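Scroll down for the structure; my scribbles are underneath it.
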Amino acid sequence: MRSAVKHLRELNLTGMRAAASGWEFLQHHTELETLMIQHSDGLTQLPESIRSLTSLWRLRVLFCPDLAALPEWLGELRSLKELHVCLETRIAGLPQSTKHLTSLVELAIGCGNNLDQLPDVIQHLTALEVLTLEDCTATTVLPEWIGQLSKLRCLAIYGCPGLQCLPQSIRGLTALKELCITGCGPDFARRYEEGTGTDWHPVSGIISVDISN
Numbered sequence: 001m002r003s004a005v006k007h008l009r010e011l012n013l014t015g016m017r018a019a020a021s022g023w024e025f026l027q028h029h030t031e032l033e034t035l036m037i038q039h040s041d042g043l044t045q046l047p048e049s050i051r052s053l054t055s056l057w058r059l060r061v062l063f064c065p066d067l068a069a070l071p072e073w074l075g076e077l078r079s080l081k082e083l084h085v086c087l088e089t090r091i092a093g094l095p096q097s098t099k100h101l102t103s104l105v106e107l108a109i110g111c112g113n114n115l116d117q118l119p120d121v122i123q124h125l126t127a128l129e130v131l132t133l134e135d136c137t138a139t140t141v142l143p144e145w146i147g148q149l150s151k152l153r154c155l156a157i158y159g160c161p162g163l164q165c166l167p168q169s170i171r172g173l174t175a176l177k178e179l180c181i182t183g184c185g186p187d188f189a190r191r192y193e194e195g196t197g198t199d200w201h202p203v204s205g206i207i208s209v210d211i212s213n
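Following this note's numbering, the numbering of the sequence shown begins with 1 at its first residue and continues without gaps.
Spelled out as structure tokens, the structure:
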């Protein structure tokens with residue numbers, strides 16, 4: 001039994017208290033590959049003990065409404081392939097060290113009214129294949145540099161009533177197969193309506209397009 005715990009690969013923590021002392025046990029599970037933290041009210045920052053999880057490739061922080069930022073040491077988790085910080089968890093940005101997560105293929109972040117534009121550091125995540133933005137109430141435009149994410153195959157944006165347009169560079173994303181935007185304004189939806197929208201052409205080459213208000 002002790003050996004099984006030592007070689008723990010996946011852990012789901014629900015309702016953990018925010019007190020730092022309660023998270024120290026994580027540093028002893030350096031072989032952990034998947035960590036999910038959810039419904040931790042009062043959690044304002046990620047526990048320092050996560051920093052020791054160098055084998056971690058999937059990190060999900062969900063339903064943690066008091067978490068407003070991610071630590072600069074996040075970039076030390078070089079094995080990360082999936083990072084989800086969303087579902088009522090809304091951050092004000094990403095640390096600059098995120099650019100060191102060169103293996104990251106899937107990123108999902110909750111924005112709320114904290115972000116009026118996408119964090120610039122995302123443009124350095126050139127291995128990214130799936131990008132999801134949730135509850136982006138303050139976001140009005142997507143940056144042109146999104147066209148640099150050459151491996152991106154899925155872009156999903158949920159709850160973006162202020163979004164005005166998509167960047168022209170999106171037509172250069174030849175790997176993009178799925179574009180899903182829901183909760184946008186009616187004017188935006190009309191502009192990208194299949195076949196008739198004034199801005200339909202830039203996204204017409206994408207296999208699956210779902211844009212709705």
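Ideal placement from N, C-alpha and C gives every residue a C-beta, glycine not left out. The structure presented is a predicted model; accordingly, all values stated were derived computationally and were not measured.
Quiz prompt | Distance between beta carbons of L26 and L67, contact taken as under 8 Å | solution = The pair is not a contact, with the Cβ atoms about 16 Å apart (cut-off 8 Å).
Quiz item: The alpha helix (DSSP H) spanning R191 covers which residue range?
Solution: P186 to R191
Exercise. Please list the segments of the beta strand (DSSP E) lying wholly inside the stretch 17-84, counting only runs of 3 or more residues, in order along the chain.
Key: Correct list: 34-38 and 58-62.
Exercise. Starting from N12, follow the beta strand (DSSP E) in both directions and report where the run begins and ends.
Key: E10 to T14
Practice problem: Please indicate yes or no: does the CB of T139 lie closer than 7 Å to some heavy atom of the ligand MN? | Solution: Within the structure as shown, the ligand MN is missing, as the structure has no ligands at all.
Self-check item: Cβ neighbours of R90 in the same chain (closer than 7 Å, five flanking residues each side left out)
Solution: Cβ neighbours of R90 beyond the five flanking positions: G110, C111, G112, N114 and D135.
Quiz item: Out of curiosity, what's the CA-to-CA distance linking T102 and Q164?
Solution: About 30 Å.
Quiz prompt | Chain-order list of residues whose beta-carbon lies under 6 Å from that of V209 (same chain, five-residue window excluded) | solution = L179 and V203
Quiz item: Are the stretch 176-191 and the stretch 151-167 in contact at 8 Å, needing three or more beta carbon pairs?
Solution: yes
Quiz item: Of all the options H100, K99, T137 and H84, which has the alpha carbon lying nearest to the alpha carbon of D116?
Solution: T137
Quiz item: Do I206 and I181 have their C-beta atoms within less than 8 Å of each other?
Solution: no
Quiz item: Nearest to T14 by alpha carbon, out of M36, S97, G22 and K81?
Solution: M36
Self-check item: Opening and closing residue of the beta strand (DSSP E) in which I181 lies
Solution: E178 to T182
Quiz item: What does a CB cutoff of less than 8 Å around A127 pick up in its chain, not counting 5 residues either side in sequence?
Solution: T102, S103, L104, V105 and K151, listed in sequence order.
Quiz item: Around the C-beta of S40, are 16 or more other C-beta atoms found within 10 angstroms, so that it is buried, or is it exposed?
Solution: buried
Practice problem: Return the bridge partner residues of G205 from the DSSP annotation. | Solution: The partner list for G205 (beta bridge, DSSP) is empty, contrary to what the question assumes.
Exercise. Using a threshold of 8 Å, state whether the C-beta atoms of V61 and Q96 are closer than that.
Key: no
Practice problem: Compute the Euclidean distance between the alpha carbons of P119 and L173, then round it to the nearest angstrom. | Solution: 19 Å
Self-check item: Start-to-end residues for the beta strand (DSSP E) that takes in I157
Solution: C154 to Y158
Quiz item: Do L46 and L80 come within 8 Å of each other at the CB atom, strictly closer than that value?
Solution: no
Practice problem: For V121, name the three-state secondary structure that DSSP assigns. | Solution: helix
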